[in-house]
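*Asks:* Numbering (the numbering used here), first residue to last: 47 to 340.
Don't be surprised by glycine CBs; every beta carbon is placed ideally from N, CA and C.
Bear in mind that the values here come from a model prediction, so they are computed numbers and not experimental data.
Just passing along the structure, written as structure tokens.
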Amino acid sequence: MMGTVVTIEVIGHGETDERRAERANAAARAIDWFQRVEDCCSRFDPCSELRRISERIGAPVRVHATTLEVVRFALALADETGGAFDPTVGDAMVERGFDRHYRTGEAVTVTRGVPATYRDVEVDAANATITLHRQLQLDLGAVAKGFAIDLAARELSPFANFAVNAGGDLFVGGHNASGDDWSIGIRHPRDEAAVIDTLRVSNVAVCTSGDYERRSPRDQGSHHILDPRRGESASGAASVTVIAPLAMVADGLATAAFVLGPERGLELLARHGVEGLIVTPELERFATPGWSRG
Ligand code: FAD
Ligand code: MG
47 MMGTVVTIEV
57 IGHGETDERR
67 AERANAAARA
77 IDWFQRVEDC
87 CSRFDPCSEL
97 RRISERIGAP
107 VRVHATTLEV
117 VRFALALADE
127 TGGAFDPTVG
137 DAMVERGFDR
147 HYRTGEAVTV
157 TRGVPATYRD
167 VEVDAANATI
177 TLHRQLQLDL
187 GAVAKGFAID
197 LAARELSPFA
207 NFAVNAGGDL
217 FVGGHNASGD
227 DWSIGIRHPR
237 DEAAVIDTLR
247 VSNVAVCTSG
257 DYERRSPRDQ
267 GSHHILDPRR
277 GESASGAASV
287 TVIAPLAMVA
297 DGLATAAFVL
307 GPERGLELLA
317 RHGVEGLIVT
327 PELERFATPG
337 WSRG
């Protein structure tokens, strides 16, 4: 789903057949949330709600609560970071070759007229509408996966002990199969086979943004996290991991802190009261004071 692999683990011990079936059904419903968020929030799918908004410039378009919520959060983060985080990077991503629907292989094209920013997007929460004031393509790649993880986790909450893993972005509930807190290895950004840190956590989301994850098919020197202010790949970090109560928050803040770099990135995380680890391209580590406690 969403161009990555989603796995769901729900722990059950010595249960009845009926309970086992309930657990399997809940896991299926949890997976289904990824499809539903994709139907709303994919910039790669010509039928998604996100793409429909781009077809009606200047007009308020009524959207599903999912789209509204994700766009609203992304715009608030854009405002807070002065546009370091900006969900209007869709066209810039296409220009860098991030343009294929993972399932159909179909390519998307650039919509752009004049350069746009998050200030050209208006959300009317009361009427559940989104208006684009310029031609642009919204891109929720930095936050929508997190939102889907949160919805999946909510579906699984009656089972207490579970893990949702979407390409390394996670929510872990309760305990693992051994009855311990979940153990999460954070990948070393320059050594695929090594971990740079290990966390022991429960009932939190852990999301990582890394420059090693997706390289531009057009230019192998650049990657998928853009600094929209410079029009280039962000270079102040190699990876950022954030621990937060919600995956959408961890996902969005990890991407935003990545663009801001260590100093301003840590300030952002502190303002939100979350823990995080920023590793620079020189492999220097910057962590929030409570990081090691998780
Ligand atoms: P994150 O750091 O969480 O996010 C990086 C992503 O955020 C970038 O890929 C870009 O989309 C966006 N971004 C980059 N710079 C900024 C910035 N400055 N501010 C805000 N956002 C920024 N990939 C495909 O190749 N094909 C698909 O069909 C496809 N469908 C998807 C559908 C959905 C609903 C979602 C959520 C993702 C989909 N993806 C698809 C993957 C997506 O394009 C990103 O690669 C992925 O979400 C990145 O997640 P991450 O955790 O690796 O990185
Ligand atoms: Mg993110």
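Helix, strand or coil: which one does DSSP assign to I103?
*Replies:* Counting from one through the sequence shown, the residue named residue 103 turns up at place 57. If DSSP states are grouped into helix, strand and coil, I103 belongs with coil.
*Asks:* If we ignore side chains and look at the alpha-carbon of each, how far apart do A212 and H234 end up?
*Replies:* Within the sequence shown, numbered from 1, the residue matching residue 212 stands at position 166. Within the sequence shown, numbered from 1, the residue matching residue 234 stands at position 188. Going from the Cα of A212 to the Cα of H234 covers about 18 Å.
*Asks:* With a threshold of 8 Å on Cβ separation, who are the neighbours of G140 within its own chain once the five nearest residues in sequence on each side are excluded?
*Replies:* By 1-based counting over the sequence shown, the position of residue 140 is 94. Here the sequence assigns Val to residue 140, which means Gly is not the residue at that position. Closer than 8 Å at the Cβ level, and outside the excluded window around V140, lie V154, T155, V156, Q183.
*Asks:* Excluding five sequence neighbours on each side, which residues of the same chain lie with their C-beta closer than 8 Å to the C-beta of A73?
*Replies:* Stepping through the sequence shown from its first residue, residue 73 is reached at position 27. Here the set comprises I54, V56, L202.
*Asks:* Can T127 be considered in contact with the ligand MG, in the sense that its beta carbon sits closer than 7 Å to one or more heavy atoms?
*Replies:* Here residue 127 refers to the residue found at position 81 when the sequence shown is read from its first residue. Result no, Cβ not under 7 Å from the ligand MG.
*Asks:* Take G336 and list the residues in its own chain whose beta-carbon comes closer than 7 Å to its own, dropping the five residues that flank it on each side.
*Replies:* For the purposes of this step, residue 336 is taken as the residue at position 290 of the sequence shown. E321, listed in sequence order.
*Asks:* Can you tell me the Cα-Cα spacing of E61 and D226, whole angstroms?
*Replies:* Working through the sequence shown from its first residue, we reach residue 61 at position 15. Working through the sequence shown from its first residue, we reach residue 226 at position 180. The alpha-carbon atoms of E61 and D226 are separated by roughly 19 Å.
*Asks:* Could you please give the first and the last residue of the uninterrupted beta strand (DSSP E) stretch that includes E84?
*Replies:* Taking the first residue of the sequence shown as 1, we reach residue 84 at position 38. Not the beta strand (DSSP E): E84 falls in the alpha helix (DSSP H), residues 63-87.
*Asks:* Does the Cβ of E84 lie closer than 7 Å to at least one heavy atom of the ligand SAM?
*Replies:* For the ligand SAM, the structure offers nothing, since it holds only the ligand FAD and the ligand MG.
*Asks:* Where does the unbroken alpha helix (DSSP H) through I271 begin, and where does it stop?
*Replies:* Translated into positions along the sequence shown, residue 271 becomes position 225. No alpha helix (DSSP H) contains I271, which DSSP labels as neither H nor E.
*Asks:* Between which two residues does the beta strand (DSSP E) containing E238 stretch?
*Replies:* Stepping through the sequence shown from its first residue, residue 238 is reached at position 192. Its beta strand (DSSP E) spans residues 237-247.
*Asks:* Would P291 pass as a contact of V250 if the rule is Cβ separation under 8 Å?
*Replies:* One-based indexing of the sequence shown puts residue 291 at position 245. One-based indexing of the sequence shown puts residue 250 at position 204. Cβ atoms of P291 and V250: closer than 8 Å.
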